[in-house]
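Structure record follows, encoded as structure tokens.
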Amino acid sequence: MEGTTVLGRLTWQPADVTGVVAETPRATTIAFDVPGWAGHRAGQHLDVRLTADDGYQAERSYSIASAPDGMHIELTVVRIADGEVSPYLTDDLQPGDQIELRGPVGGYFVWEPPLGGPLLLVAGGSGVAPLMAMIRLRAAAGSDVQTRLLLSSRGWDDIIYRDELERLNGNGLTVVHTLTMSQPPGWAGYARRVDAEMLAEVGPGPAERPLVYICGPTPFVEAAAQALVGLGHQPEAIKTERFGPTGS
Amino acid sequence: MSLPAEIRAQDLVARGVLRDDGYSASVAGQMPPIISRGFRGRREDAPPGRVPPGQYVTRDFPVLSAGPTPHTPLERWDFTISGEVDEPRRWTWDEFRGLPSEEITVDIHCVTKWSKLDTVWQGVRVDTLLEGIETSAEYTVAFSDGGYTTNVPLEDLTGGKAWVAFSYDGEPLQPVHGGPARMLVPHLYFWKSAKWVRGLRLTPVDEPGFWETNGYHNYGDPWREQRYWGD
Amino acid sequence: MDELMLDGNAVAGMLSEVFAVEMTTATMTCGNCGTSGAVGAMHVFRGAGIVMRCPNCDNVMAKIVEDGTRMWMNFGGTQALEITR
């Protein structure tokens, strides 16, 4: 069946930067055209490799934030102060530059409409990127499968894709925010880290047997996954992608 | 499709299909990497000759671990020397901390290419731990909480070349960096400085450890760039 | 819970250079406790090399070391690796 396996080994290939757009003060979306890109599935990621002119190399993984769209792909990078790779990607890359990437990979953490729903998407910070690919694919496919996105961000200005999510809200998609560090005046929404009580309120509950996707920093993913299992969700229905300690 | 009457190797080289050493150009990994305009990474300069070949200096202290950080309570911690010895030795944490220790300042070199200069540790010399022990063994295996092992020749742990370190940069050694105690063998790549060390087994034959059995060099001298098997 | 821990998704790219099939959906069965799970769900640690551990019992399922041209893989702690062609 097309899409369950990748035939042939992958290797590094060039990608051309076509756009660099700030999403929030810390997050930037970089758009690429990738010659020969065979497409990807929502939730997949790729590896980026940077090589300095003396041969020094660094590699990082980034989730593909865009829905499949020919050879056009988008990554959203959160700039880590003092980071080795992210400041280069967010501050230095310009349209016309070329970088190397390898992918797409990841058949475990993917969603496409035939898998159905309901969906519970739980994102911590930059972990929203692969889930946004799923949401964008869902919208492009005209799917109305019941989808809840619980997105944890530091503050209102740190919410990645905030305006687009507001526009897509509806037609079966419900977006719920929690702001963990600062809230705007009059904020009536969640203002704490994701916990079992919040997940139970946001739903769907275990009786609806949702497909669950959790992505973000490792502590965030661990806490959310354990909370959901504690609420009665089947572990096999929960897919996780951990970004490490800082979530980068 | 008809084939040309004659296919010449030089034509295939010109078309980029064949390399001029006769191998296919499409072998994965053979294409040179694309240079990223202006990318430097976060590297520090170092005095010439200070840093082993292929290493880059960092001011960070990257945390690399083969498994989850153990948290052995000090009341349960001990350090043992066993194997080819006249009699095994064991120290509790208090006994271990009662041994003479010293402050050392050394450069450390990780096989993943980062080096950190002038790191300051406090530790007990392995010589101190081996005092009075009779052995015919020429090899050791350091073993740790969590199951990690690494092999080091006995002569590379003696003569003031190695310590069991319990403090880094003036503070008790943090669990993520191997606390409460780790091996410190700075003249070899840092995977030989086992984190969360619990003892040494002295062995008559060399017993390659966790990484040495799977690609990393058996000895690991950074100055001869002995990173992998066959180096 | 170790905040440094990653999961099998983190090694998908590396494995894609070696295996001709998608690997995060492959299943590994732990040689220690018998639990089976997707490679994508395995616990992954970055030490000198990559270590994949069973999420149930922490058993070392796989070790992977690579230089520029060689890769060494040990699946000694894995009872079986199941791939769908």
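Quick note, the sequences are listed as chains A, B and C, same order. Mapping of the first sequence onto my numbering: residues 3 to 250, in sequence order. Mapping of the second sequence onto my numbering: residues 10 to 240, in sequence order. Mapping of the third sequence onto my numbering: residues 86 to 170, in sequence order. Where a beta carbon is used, it is the ideal one built from N, C-alpha and C, also for glycine. Computed from a predicted model, the values in this text were never measured in an experiment.
- Inclusion of residue 67 of chain A and residue 31 of chain A in the CB contact set at 8 Å is warranted, their separation being smaller than that value.
- For residue 154 of chain C, the number of other beta carbons within 10 angstroms of its own is below 16, and it is reported as exposed.
- Taking every protein chain shown into account, the CB of residue 220 of chain A has 16 or more other CB atoms within 10 angstroms, so this residue is buried.
- With contacts defined by Cβ atoms closer than 8 Å, residue 157 of chain B and residue 215 of chain B do not form a contacting pair.
- Annotation for residue 130 of chain B: the continuous beta strand (DSSP E) segment containing it runs 123-134.
- Residues of chain C with a Cβ closer than 8 Å to the Cβ of residue 203 of chain B do not exist; the shortest Cβ-Cβ separation is about 11 Å.
- Against chain B, the CB of residue 194 of chain A has no partner CB under 8 Å away; the residue lies outside that interface.
- Residue 201 of chain A: member of the alpha helix (DSSP H) spanning 198-204, first to last residue.
- For residue 89 of chain A, no pairing in a beta bridge is given by DSSP.
- Under DSSP, the beta-bridge partners assigned to residue 92 of chain B are B:211.
- When secondary structure is reduced to three states using DSSP, residue 81 of chain A falls in the coil class, being assigned neither helix nor strand.
- Residue environment: residue 197 of chain A is assigned as exposed (fewer than 16 neighbouring CB atoms within 10 Å of its CB, all protein chains considered).
- For residue 78 of chain B, there is no enclosing beta strand (DSSP E), as DSSP marks it with neither H nor E.
- Secondary structure note for residue 101 of chain C: its alpha helix (DSSP H) is the uninterrupted segment 97-101.
- For residue 130 of chain C, the closest Cβ of chain B is nearer than 8 Å.
- With a beta-carbon spacing of about 7 Å, residue 15 of chain A and residue 38 of chain A fall inside the 8 Å limit used to define contacts.
- Here residue 133 of chain A carries a helix assignment [DSSP, helix/strand/coil].
- Note on geometry: alpha-carbon atoms of residue 95 of chain A and residue 20 of chain A lie some 10 Å from one another.
- In this structure, residue 133 of chain C sits near residue 121 of chain B, with a CB-CB distance shorter than 8 Å.
- Of the candidates A:123, A:211 and A:188, the residue whose Cα lies closest to the Cα of residue 178 of chain A is A:123.
- Taking 8 Å as the upper bound for CB-CB distance, residue 109 of chain C and residue 98 of chain C are not in contact here, some 10 Å apart.
- Residue 173 of chain B and residue 228 of chain A have their C-alpha atoms roughly 37 Å apart.
- When secondary structure is reduced to three states using DSSP, residue 31 of chain A falls in the strand class.
- Within the segment 126-198 of chain B, the alpha helix (DSSP H) runs of at least 4 residues that lie entirely inside it are, in chain order, 135-139.
- Identification of chain C residues near residue 244 of chain A by a Cβ-Cβ cut-off of 8 Å yields 90, 91, 92, 94 and 95, ordered along the chain.
- Taking a Cβ-Cβ threshold of 9 Å, the residues of chain B close to residue 155 of chain C are 224, 237, 238 and 239, in chain order.
- By the rule that beta-carbons nearer than 8 Å mark a contact, residue 120 of chain B touches chain C.
- Note on residue 122 of chain C: 16 or more other CB atoms within 10 angstroms of its CB, so buried under the neighbour-count rule.
- By the Cβ-count criterion, residue 182 of chain B is buried, with 16 or more other Cβ atoms from all chains shown falling within 10 Å of its own Cβ.
- Look at residue 107 of chain C: its C-beta is under 8 Å from a C-beta on chain A.
- Taking the CA atoms as reference points, residue 163 of chain A sits about 51 Å from residue 84 of chain B.
- Beta-carbon to beta-carbon, residue 175 of chain A and residue 158 of chain A are separated by about 20 Å, too far to satisfy the 8 Å threshold.
- Using beta-carbon distances, residue 151 of chain C does not count as an interface residue toward chain A, since no partner is under 8 Å.
- Under the DSSP assignment, residue 223 of chain A falls outside any beta strand (DSSP E), being part of the alpha helix (DSSP H) whose first and last residues are 220-233.
- Excluding sequence positions up to five before and after residue 233 of chain A, its CB lies within less than 7 Å of the CB of 198, 201, 202 and 208, all in the same chain and listed in chain order.
- Across the structure, residue 171 of chain A and residue 220 of chain B are spaced so that their CA atoms are roughly 50 Å apart.
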